[in-house]
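Using my numbering, read the sequence shown as starting at 12 and increasing by one per residue.
No residue lacks a Cβ here, since even glycine has one placed at the ideal position from N, Cα and C.
Worksheet: the structure to be examined is printed underneath.
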Amino acid sequence: MKILLLFFCFLSSVCLSASSKQVFRIYHDADYSNLNESAEAIKMGFLTALDEVDNQIQGYKVELVAKDHRGNSNRSLLHFKQFLKDPNALLVLGGVHSPPYIKFRKFINESEALLLVPWAAGGPITRYPSKDNWIFRLSVDDTKAGKVLINYAKQQGCVAPHLLLEDTAWGRSNYDTLLEEYKTAKPNNALPVSWFNWATQENEARIMVHSIIESEPQCIIFVGNAIEGAEFVKAMASIDEAQRLPIVSHWGITAGNFFKVVGDKLSADVSLAVLQSCFSFENKPLSAFSARVFNRAKQLFPTEFAKHGFVQAAPGFIHGYDIAKLLIAAAEQIKLTDSVATNRALLKSAFEDLQSPVSGLVKTYQRPFSAWSDKNDSAHEALTVQDLCMGQYQSNGSIKLVYSYPGSH
């Protein structure tokens, strides 16, 4: 009897071991606490694409594991260390915040931790100076965002903007690119800037807005996230109407409950346009492809869609979907093994040489990535400046595209 029990125990352990090898985990390192809308949107987009292949790649089940870093870079690093110890962890899917991936970029690449970035926009993230670069982005790239923000402002008659930037690595990288673009047209003009910290409150925001208005700019170019963005919109709305300035914003404000907090002020009091990639479910008519994606997502996530009728933090969904499609295409070019380290290396090589076009929401991707080099420092960027647009909030909180950068598709 004991021998029989031992046999069954052995057999079950073998089955469990074999079963565990049939699952690959993707760690979603994101801010589920403070910017839950964006984290959930990325997850929904990614899972919608995976659902198209029955949540499997080459017979391996794929699971998404939500890891909440709460906007803390050190907690994000802890997630990477947990990821590296997990024998079934295939890659990390990033979130909104750039600082973790800038601060720990060296660790991520030296550890060969494959990272896909569908939102965080900081320019340095994908520009690790080595061919051993393990970070790929399908999102806004701040080295290009400045071109769109400055040119849109100019088109709206704002040739004397004032920058209002968060005092982080992300804000500072935006300052460099905004200044560079501004100087192409006005090489001898200064570009004034004001810096703010995370958790800036309305009173402090009001003081800063008053100070900016006194310098007589024609608009404000804002780089920050939803929490602080809402405080500055409230501050602007409190100013006498004749003194209010239009706001041209980076897309960080779309990551949280920005519209829920200040939507009433956007429709009546404050003019605001926000950076987007060049796709929106609100720009009708939808193609047959994008309509199928939308309907699949509605079936998978009925509660979320029933609440609003559209995707909140839509860029997260759009980019999460598209980057998952690239992952699926990359996996089709390789033979997966039971070694995650080997699989990461194979996927990295496949990403850098995607051989077939991949249909996504933003565009059809033709070899979006290549091997990184000093001469091609955008090699790990799937989107170009021609894929960037500006949008405006609609009365229901959705965003409709209103401007495309010259040359955009």
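>> Considering only the alpha carbon of each residue, which of N185, D398 and S301 lies closest to H261?
In response: N185
>> Since I329 and S389 should fall inside the 8 Å C-beta cutoff, what is the C-beta to C-beta distance between them, to a whole number of angstroms?
In response: At roughly 20 Å, the Cβ-Cβ gap does not stay under 8 Å, so I329 and S389 are not in contact.
>> Just to confirm my understanding: we take N208, look at its own chain, exclude 5 residues before and 5 after, and list those with CB closer than 8 Å. What are they?
In response: E177 and D178
> Where do the N-terminal and C-terminal ends of the alpha helix (DSSP H) with I238 fall, by residue?
Replying inline: A237 to A248
>> Using a Cβ-Cβ cutoff of less than 6 Å, which residues in the same chain neighbour I258 once the five nearest sequence positions on both sides are dropped?
In response: I231, F233 and L283
> Whose CA, out of T211, T395 and N407, lies closest to the CA of S415?
Replying inline: T395
> Which stretch, first to last residue, makes up the alpha helix (DSSP H) that contains F233?
Replying inline: Note, F233: premise wrong, no alpha helix (DSSP H); beta strand (DSSP E) at C230 to V234.
> Does the distance from the C-beta atom of G267 to that of E63 stay below 9 Å?
Replying inline: no
> Would Y422 pass as a contact of K78 if the rule is Cβ separation under 9 Å?
Replying inline: It is not possible to answer for residue 422, since the shown part of the chain is limited to 12 through 420.
> What are the boundary residues of the beta strand (DSSP E) that includes P172?
Replying inline: P172 to E177
>> Measuring only the C-alpha atoms, how far is A241 from S370?
In response: 35 Å
> Got a sec, what are the start and stop residues for the beta strand (DSSP E) W206 sits in?
Replying inline: V204 to F207
> Using CA coordinates, which residue listed in A216, H221 and P228 is at the minimum distance from N200?
Replying inline: P228
> Quick one: what's got a C-beta closer than 6 Å to S87's C-beta in the same chain, skipping five residues either side?
Replying inline: D40, H80 and P111
> CA-CA distance, I146 and R307?
Replying inline: 29 Å
>> Nearest by alpha-carbon distance to G70: which of P379, T353 and T348 is it?
In response: T348
> Going by DSSP, what residues sit across from R183 in a beta bridge?
Replying inline: Per DSSP, none; premise fails for R183.
> With distances taken between CB atoms, is the gap from P46 to G106 smaller than 9 Å?
Replying inline: Note that residue 46 is Leu in the sequence shown, not Pro. Yes; because the gap between Cβ atoms is below 9 Å, this pair is in contact.
> To which residues of the same chain is G331 closer than 6 Å at the C-beta, ignoring the five residues directly before and after it?
Replying inline: I53, G56, F57 and P129
>> With DSSP as the reference, identify every bridge partner of Y112, one or two as the case may be.
In response: DSSP output for Y112 lists no bridge partner at all.
>> Using 9 Å as the threshold, is the C-beta distance between E74 and F118 below it?
In response: no
>> Rounded to whole angstroms, what is the Cα-Cα separation between N393 and F312?
In response: In the sequence as displayed, the identity of residue 393 is Ala instead of Asn. The straight-line gap from Cα to Cα measures roughly 27 Å.
> If you draw a straight line from the alpha carbon of V204 to that of N85, how long is it in whole angstroms?
Replying inline: 29 Å
> If you draw a straight line from the alpha carbon of Q254 to that of I224, how long is it in whole angstroms?
Replying inline: 7 Å
> Taking just the CA atoms, how far does V373 sit from S367?
Replying inline: 17 Å
> Cβ of R378 within 9 Å of Cβ of L125?
Replying inline: no
> Quick one: what does DSSP say I345 is sitting in, helix, strand or coil?
Replying inline: coil
>> Measuring only the C-alpha atoms, how far is Y139 from A180?
In response: 15 Å
>> Let me see if you follow: with CB-CB separation under 9 Å, is F312 close to chain B or not?
In response: Of the chains in the structure shown, none is chain B; there is only one protein chain.
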